[in-house]
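Inspection log for the structure reproduced underneath, given as structure tokens.
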Amino acid sequence: MIVCDSQDWARERHAFHPIVDQALRWIADTDFSQLATGKYDLLPDNQMFCLVQEMETEPASDRRAESHFNYVDIQYLLAGRENIGVARVHPRHVIIEDLRAERDVVFYQETIDESMITLTPGMFALFFPHDVHRPCCAAPEAQPIRKAVIKIHLNLFTSPGAMQ
Numbered sequence: 764m765i766v767c768d769s770q771d772w773a774r775e776r777h778a779f780h781p782i783v784d785q786a787l788r789w790i791a792d793t794d795f796s797q798l799a800t801g802k803y804d805l806l807p808d809n810q811m812f813c814l815v816q817e818m819e820t821e822p823a824s825d826r827r828a829e830s831h832f833n834y835v836d837i838q839y840l841l842a843g844r845e846n847i848g849v850a851r852v853h854p855r856h857v858i859i860e861d862l863r864a865e866r867d868v869v870f871y872q873e874t875i876d877e878s879m880i881t882l883t884p885g886m887f888a889l890f891f892p893h894d895v896h897r898p899c900c901a902a903p904e905a906q907p908i909r910k911a912v913i914k915i916h917l918n919l920f921t922s923p924g925a926m927q
């Protein structure tokens, strides 16, 4: 997991993979006030896309933790305040819903050694497949949030010339 602020990215971007920089440059160049909620393809064939979402945060106890297998998430907060629980994958995590074939996501009953991070507008968190995360948690009160979730397929991190 990586947590950063979009204003600090210029100082830190040299340490990360170019596909992450490409996604964050797209965020920086996008006027989200002009985008409706929905899916936006950034690269063909679902290699990289953005989900613009609006929702109400909830108490953490009402949210399910999740993880992915084929995608890295960049969760960029546009409006509101959000807590996200995060823990490393653990052998004692119990999967209660398995949608990996349909949507590349599994949900967990509970998490082991979960920590909370708080995002405010302009902050983002990168979650790798081994990062169990519980997004959309109240921080501390429930409130509406708007966020952009960039999904980056793992093959873009390993395939030479995969970025376009």
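Quick note: the sequence shown uses the working numbering, first residue 764, plus one each step. We treat Cβ as the ideally placed atom computed from N, Cα and C, and that holds for glycine. Quick caveat, the model's predicted, so the values are computed rather than measured.
- Residue environment for residue 879: exposed (fewer than 16 other C-beta atoms within 10 angstroms of its C-beta).
- Cβ-Cβ distances below 8 angstroms link residue 905 to 819, 820, 821 and 822 in the same chain, with the five nearest sequence neighbours on each side left out; the list follows chain order.
- Per DSSP, residue 881 is one residue of the beta strand (DSSP E) stretching across 878-882.
- Fully enclosed alpha helix (DSSP H) runs of no fewer than 4 residues occupy 863-866 of the region 816-879, in order along the chain.
- The region 905-916 makes contact with the region 834-844, as at least three CB pairs between them are under 8 angstroms.
- If you check the CB distance, residue 869 and residue 877 do not come in under 8 angstroms.
- When the five nearest sequence neighbours on each side are left out, the beta carbons in the same chain lying within less than 7 angstroms of the beta carbon of residue 907 are those of 817, 819 and 843, in order along the chain.
- Counting along the chain, residue 911 sits inside the beta strand (DSSP E) bounded by residues 907-916.
- Residue 830 sits buried, since 16 or more C-beta atoms from the chains shown fall within 10 Å of its C-beta.
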